[in-house]
Amino acid sequence: MSRSRTDKAVAMLILFLLILVLAAACALAVRGVRAEVRTATDPLLVPESFFAPQSLEGVLCGQLMDGGITRRQYLRSMEGIAARDEQRHPLVVPWHLGAGEE
């Protein structure tokens, strides 16, 4: 074997060993993380307020689903909310602008 072929073989061997060590380190790291996940037996505690409605629409929807109000009452309430929202925040469409223009 010539000197350059020997150098290439040694370089390839070193590279192979480096890749092998990195693969083993990754495998051990993943194995440790999985073991930690298995030992964590505490259930996730979510506060009840997280599931509470955050808007009037949500409250109405909850009442409708629980049977607290009828469908007609729900629709009337939503109409009132929509009318109030239209008065407070009217939708303005810029008709003078064409498509893609600003």
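In case it helps, the working numbering puts the sequence shown at residues 1202 to 1303.
A virtual CB, placed ideally from N, CA and C, is assigned to each residue, including glycine.
Checklist entry - So L1265 and R1272 are in contact, right, with Cβ under 8 Å, and what is the actual spacing, rounded? => result 7 Å between Cβ atoms; contact.
Next on the checklist: Going residue by residue through the segment 1238 to 1279, where are the continuous alpha helix (DSSP H) segments of at least 4 residues, counting only ones entirely within it?
Outcome noted: DSSP runs (the alpha helix (DSSP H)) wholly in the segment 1238 to 1279: 1257 to 1267.
Checklist entry - Alpha carbon to alpha carbon, how far is L1223 from I1215? => result Within the model, the alpha-carbon separation for L1223 versus I1215 is close to 12 Å.
Item to check | Distance between beta carbons of L1261 and S1250, contact taken as under 8 Å | outcome: Contact flag wrong, Cβ pair sits at about 19 Å.
Checklist entry - In three-state DSSP terms, what is L1223? => result Looking at L1223 - three-state DSSP - the assignment turns out to be helix.
Item to check | Assigned secondary structure, S1203 (DSSP; H/G/I helix, E/B strand, else coil) | outcome: DSSP, read as helix, strand or coil, puts S1203 in coil.
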